[in-house]
Amino acid sequence: MLFLKNIIVITLILFSTASFAERRITGGGGARKISGLLYGGFSFSSHKSEGGAGVDGYTGLAFGLGVDYKIMNQISLGVDMLYTQKNYQARTSTSVTQFDLSFLEFPFFIKWNPFKEFQLKVGPYLAGLMVSANRQSSGVNSPIKGDFTNDYGVSVGGWLGFWANPQLAVGLDVRYDMGLANVQNVAEPSSAIKTRAVNAMVTLIFGLK
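First residue of the sequence shown? That's 864 in my numbering, and the numbers climb one at a time after it.
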């Protein structure tokens, strides 16, 4: 949790610095604009296992929506709501067990557009709500949502695309999610699973205001 607080503080410092620089250049009062976003793509997991069985990540789905609020010429704030599958396989010397984990995430971003067709972003996701969890072993599928818990962490990424017109853009959003919580729901864990995933999603951006 201390690491997450440090990330939030650093993000706020970077935002304040960017705001000051932008106002020095433009005199403040940058244009305001609200945009909507639609996402659809895949999540490629590579979770971190601490003190337990080895894990192999594999592909799941990632899709959702978001809103951007432009506060200056090159700076905007954004919040997304994403459904992501962060699946993995646990390996032992005698078996392989598949775990299908689904989360509802709410990332908050500070976004910087050095160019119209390119964007960088960073921020925390503070609420990775566990939606469902299933275990597949020896052909048997079992719901085990109670064995896992909510996630939180940090997202960094970027967007590259093109504008069809001033109100509509299409591009590719790629972001790396680094989970900071042990998503295993045990009182005294002897092992931990921390989520790691790369989300690659086709993105549609459209002007709202």
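For each residue, glycine too, the CB sits at the ideal point set by N, CA and C.
- Short of 6 Å from the beta carbon of Asp963, and not among the five residues preceding or following it, lie these beta carbons of its own chain, in chain order: Asn950 and Asn997.
- Under the DSSP assignment, Gln952 falls in the beta strand (DSSP E) whose first and last residues are Tyr951 to Arg954.
- Taken atom to atom, the span from the alpha-carbon of Val1065 to that of Gly1034 is near 6 Å.
- Under DSSP, Leu945 forms a beta bridge with Gly927 and Glu968.
- For Tyr902, same chain residues with a beta-carbon under 6 Å away, outside a window of 5 residues either side, are Phe926, Gly927, Met1064 and Thr1066 in chain order.
- Around the C-beta of Ser908, 16 or more other C-beta atoms lie within 10 Å, and the residue is accordingly described as buried.
- Selection Gln982, Thr1012 and Gly917 evaluated against Arg1038 yields Gln982 as nearest (Cα-Cα).
- In the three-state scheme derived from DSSP, where H, G and I count as helix and E and B as strand, Lys984 is classed as strand.
- Per DSSP, the continuous beta strand (DSSP E) segment holding Phe1025 begins and ends at Asp1014 to Asn1028.
- For Ser912, the enclosing beta strand (DSSP E) starts and ends at Lys911 to Glu913.
- The Cβ atoms of Gly899 and Leu1071 sit closer than 8 Å to each other.
- Burial check for Ala1027: the Cβ neighbour count within 10 Å stays below 16, so the residue is exposed.
- Under the criterion of beta carbons closer than 8 Å, Gln961 and Gly923 do not qualify as touching, at roughly 11 Å.
- Here the alpha carbon of Thr957 sits roughly 12 Å from the alpha carbon of Ser1001.
- Straight across, the Cα-Cα distance linking Gly991 with Pro1029 is about 33 Å.
- Check the Cα spacing between Leu989 and each of Arg1059, Val1017 and Lys1057: the tightest is with Val1017.
- Under a 10 Å Cβ-count criterion, Thr955 is classified as exposed, with fewer than 16 other Cβ atoms of the shown protein chains found around its own Cβ.
- Taking C-beta separations shorter than 7 Å and ignoring five residues to either side along the sequence, the partners of Gly986 in its chain run Thr874, Pro970, Phe971, Phe972, Ile973 and Ser1018, following chain order.
- If you draw a straight line from the Cα of Lys984 to the Cα of Gly1021, it is about 6 Å long.
- According to the DSSP assignment, Phe905 belongs to the beta strand (DSSP E) that extends over Lys896 to Ser908.
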